[in-house]
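Asker: Just so we're on the same page, the working numbering is the position in the sequence shown counted from 1, plus 8. In this text, a Cβ means the ideal position worked out from N, Cα and C, and glycines have one as well.
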Amino acid sequence: MQAARFMVEGHSGGMDATFVQMGVIAAAYLVAVAATPIASWIVGQGRSVGRDEGLDGMRGAAAVAVVGCHLNQYMCAFLGYTNPFIGDHLGILAVQLFFALTGYLFTDRAIIGRIDPFAFYVNRMRRILPLYVFVVITALAIALSYSWKTVAPLDHTLREALSVLAFGLWKSDELWFRGINMLSLVGIAWTLSYEWAFYMILIPALLLWRCGALVRVCMALVVSAFLFRDFYFNSEQVIWPFFLPGIVAALLKHRRPWWLGGVCVAVVVPSVLLIIWVPGFWTPVKLALATLVFFAVIFGRPRCLSWAPLQTLGMISYSIYLVQYLVLYPSVRLIYTSPALASVEARLGMGIVIALATIILSAVTYRFVERPWLTGLRSTVAPVNSSSVELPGIREEAL
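Okay, here's the thing in structure tokens:
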């Protein structure tokens, strides 16, 4: 998601804009929840044993927040509101929670046992790449359908296609294919480059962590120094620290104060409101507030996250996150080129169709693209006394 990139300074439209944005976000959630029976039927299976309901519920809520963020940008642009701040901040918060979740899951697994590096990296590739490759191929096909009249050398077209494929490993600020801005189709995958960087660092960091207390203190000091340096010299777009709430939560999992969960749950609503209203996205203040929200999920265990629709949305959350541009971009092009869709009512209706189509397509891609590769994933965590015994209940969690 590139919400921060799309922010435009200017008049926000006052209370009218605020109510419109709240309505768009609420509508996105209502449509997503209403679509869960269809999604469940398409997926054709219940939740897997051993999955964490709280984390799956958070995944579902966060994935829909990202969809709502982009629908909100579209509606605000149509209505002339230049600052879609509510959706942008909620969408960025959702991405920050995904980063924290990655830090939490794999740090926790590193703590409870030995990670088999080979199995870990193979599992990560099997979990992430099939859907990503499907999205890239589909995006290229959509771009070709819009640019079939464009004349371009074959070697240049192939180089551009490879650049699009590599975007999820190494993001770039510009991404073109035959004159089409591919950030509009695969730009949402910019977060994957940070995920891969975390996975590359995790195994060496784990080896250092096992060297003793002194090395751990030195690692904490080095991370703190980098944290201070990056936030001091770059007040915005400092993204890597948002893995830290998950890492800290994993370290505190079995030794946290008894009151921590309750306090975080008590302040989660004010924290979200501050996230919406305080300027900036990837700042120290937003890091602190996102940490409170994440701790509320991990340690407070709100019961609302166990709600069945959120569980379904959580199961297909990676697909929701990654395929939404495949629905949004062609739909917006159709909306802006079709006189029949020029009215407010028609465009509001198209917003509902976009949200509904995103959930249905996500269920299809989960079942036929993601799930076949999830079968037979090896455990990345091995007990200390045996590298061949799998821990019960340990399985690969979705992004």
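According to DSSP, is I123 helix, strand or coil?
Answerer: On the sequence shown, position 115 is the one that residue 123 refers to. Strand at I123.
Asker: Can you tell me whether F206 is buried or exposed? The criterion is at least 16 other CB atoms within 10 Å of its CB, across all chains shown.
Answerer: Within the sequence shown, numbered from 1, the residue matching residue 206 stands at position 198. Flag for F206 reads buried.
Asker: Would you say the segment 346-363 touches the segment 375-382, given that touching needs at least three Cβ pairs under 8 angstroms?
Answerer: no
Asker: Of the residues L281, I362, L334 and S327, which one's Cα is nearest the Cα of V372?
Answerer: Taking the first residue of the sequence shown as position 1, residue 372 is located at position 364. Considering only alpha carbons, the answer is S327.
Asker: Helix, strand or coil: which one does DSSP assign to N189?
Answerer: Within the sequence shown, residue 189 is the residue found at index 181, counting from 1. Strand, per DSSP.
Asker: With G176 and Y140 assumed to form a contact (beta carbons below 8 angstroms), what rounded beta-carbon distance in angstroms separates them?
Answerer: Translated into positions along the sequence shown, residue 176 becomes position 168. Translated into positions along the sequence shown, residue 140 becomes position 132. Between Y140 and G176 the Cβ distance is about 5 angstroms, and since that is below 8 angstroms, they are a contact.
Asker: Can you grab the Cα-Cα spacing for the pair L259 / L235, in whole Å?
Answerer: Mapped onto the sequence shown, residue 259 falls at position 251. Mapped onto the sequence shown, residue 235 falls at position 227. When rounded, the distance between both Cα atoms is 18 angstroms.
Asker: Tell me whether L193 is buried or exposed, calling it buried when 16 or more other Cβ atoms sit within 10 Å of its Cβ.
Answerer: Position 185 of the sequence shown, counted from the first residue, corresponds to residue 193. The C-beta of L193 has 16 or more other C-beta atoms within 10 Å across all chains shown, which makes the residue buried.
Asker: Return the chain-ordered list of same chain residues with a C-beta closer than 6 angstroms to the C-beta of L200, the five sequence neighbours on each side being excluded.
Answerer: Position 192 of the sequence shown holds residue 200. Cβ within range, chain order: G176.
Asker: Using C-beta distances below 8 angstroms, list every residue in its chain close to V246, excluding the 5 sequence neighbours before and after it, in chain order.
Answerer: Residue numbering aside, residue 246 sits at position 238 when the sequence shown is read from its first letter. Only D238, F239, W290 and T291 meet the Cβ criterion.
Asker: If I360 and A35 are in contact, beta carbons under 8 angstroms, what's the gap, nearest whole angstrom?
Answerer: Within the sequence shown, residue 360 is the residue found at index 352, counting from 1. Within the sequence shown, residue 35 is the residue found at index 27, counting from 1. With a Cβ gap of about 7 angstroms, I360 and A35 count as contacting.
Asker: Which residue wins for smallest C-alpha separation from D116, given the options P310, F251 and T345?
Answerer: Here the question's residue 116 lines up with position 108 in the sequence shown. Comparing Cα positions, the closest option is F251.
Asker: Taking the CB atoms as reference points, tell me whether T44 and T320 lie closer together than 9 angstroms.
Answerer: Taking the sequence shown and counting its residues from 1, one reaches residue 44 at position 36. Taking the sequence shown and counting its residues from 1, one reaches residue 320 at position 312. Cβ distance < 9 angstroms, so T44 and T320 count as in contact.
Asker: Within its chain, find whatever has a CB closer than 7 angstroms to the CB of L148; leave out the 5 residues flanking it on each side and keep chain order.
Answerer: Taking the sequence shown and counting its residues from 1, one reaches residue 148 at position 140. Excluding the 5 residues flanking it on each side, L148 has same chain C-beta neighbours closer than 7 angstroms at A169, V172 and F185, in chain order.
Asker: Note down, in chain order, each residue of its chain lying with its Cβ closer than 6 angstroms to the Cβ of E61, except the 5 sequence neighbours on either side.
Answerer: Here residue 61 is taken as the residue at index 53 of the sequence shown, counted from 1. Within the same chain, E61 has close Cβ partners S314.
Asker: Helix, strand or coil for W290 per DSSP?
Answerer: Counted from its first residue, the sequence shown places residue 290 at position 282. Note: W290 maps to coil in three-state DSSP.
Asker: Can you tell me the Cα-Cα spacing of Y154 and A296, whole angstroms?
Answerer: Position 146 of the sequence shown holds residue 154. Position 288 of the sequence shown holds residue 296. Using only the alpha carbons, I get a separation of about 44 angstroms.
Asker: Tell me the DSSP secondary structure of L318 in three-state form.
Answerer: Locating residue 318 in the sequence shown gives position 310, where the first residue counts as 1. Here L318 sits in helix by DSSP.
Asker: Looking at C-beta atoms only, is the number of pairs between the segment 93-106 and the segment 275-290 that lie closer than 8 angstroms three or more?
Answerer: yes
Asker: Which of helix, strand or coil does DSSP assign to W184?
Answerer: What you label residue 184 is simply residue 176 of the sequence shown in a count that begins at 1. W184: strand per DSSP, three-state reduction.
Asker: Do the CB positions of L336 and H78 come within less than 9 angstroms of each other?
Answerer: Reading the sequence shown from its first residue, position 328 is the one you call residue 336. Reading the sequence shown from its first residue, position 70 is the one you call residue 78. Yes, they are a contact pair.
Asker: For N242, count neighbouring C-beta atoms within 10 Å of its own C-beta (all shown protein chains included) and say buried if the count is 16 or more, exposed if not.
Answerer: Position 234 of the sequence shown, counted from the first residue, corresponds to residue 242. Result: exposed.
Asker: Keeping to the same chain, check which residues put their C-beta closer than 6 angstroms to that of Y333; ignore five residues upstream and five downstream.
Answerer: Walking along the sequence shown from the start, residue 333 turns up at place 325. Here the set comprises L193 and I196.
Asker: Beta-carbon separation of Q29 and I120 under 9 angstroms?
Answerer: Reading the sequence shown from its first residue, position 21 is the one you call residue 29. Reading the sequence shown from its first residue, position 112 is the one you call residue 120. The answer is no: Cβ separation not under 9 angstroms.
Asker: Would you call the CB atoms of G269 and I306 closer than 9 angstroms?
Answerer: In the sequence shown, the residue the question calls residue 269 occupies position 261. In the sequence shown, the residue the question calls residue 306 occupies position 298. Closer than 9 angstroms, so yes.
Asker: Considering just the uninterrupted stretch of the alpha helix (DSSP H) at V231, what are its terminal residues?
Answerer: If you number the sequence shown from 1, residue 231 lands on position 223. Start and end: A221 to F241.
Asker: To the nearest whole angstrom, what separates the beta carbons of I64 and M358, a pair I think is in contact under 8 angstroms?
Answerer: Counting from 1 along the sequence shown, the entry for residue 64 is found at position 56. Counting from 1 along the sequence shown, the entry for residue 358 is found at position 350. Correcting the residue identity first, residue 64 is Asp in this sequence and not Ile. The Cβ separation is near 30 angstroms, so there is no contact.
Asker: Could you say which of T158, G308 and W266 lies nearest to V275 if we only look at CA atoms?
Answerer: Start at 1 with the first residue of the sequence shown, and residue 275 comes out as number 267. For V275, the nearest C-alpha among the options comes from G308.
Asker: Note down the Cα distance separating P92 from V286, rounded to an integer number of angstroms.
Answerer: Reading the sequence shown from its first residue, position 84 is the one you call residue 92. Reading the sequence shown from its first residue, position 278 is the one you call residue 286. When rounded, the distance between both Cα atoms is 14 angstroms.
Asker: From A127 to A118, what distance separates their C-alpha atoms?
Answerer: Looking up residue 127 in the sequence shown gives position 119. Looking up residue 118 in the sequence shown gives position 110. Near 13 angstroms, if we compare the C-alpha coordinates of A118 and A127.
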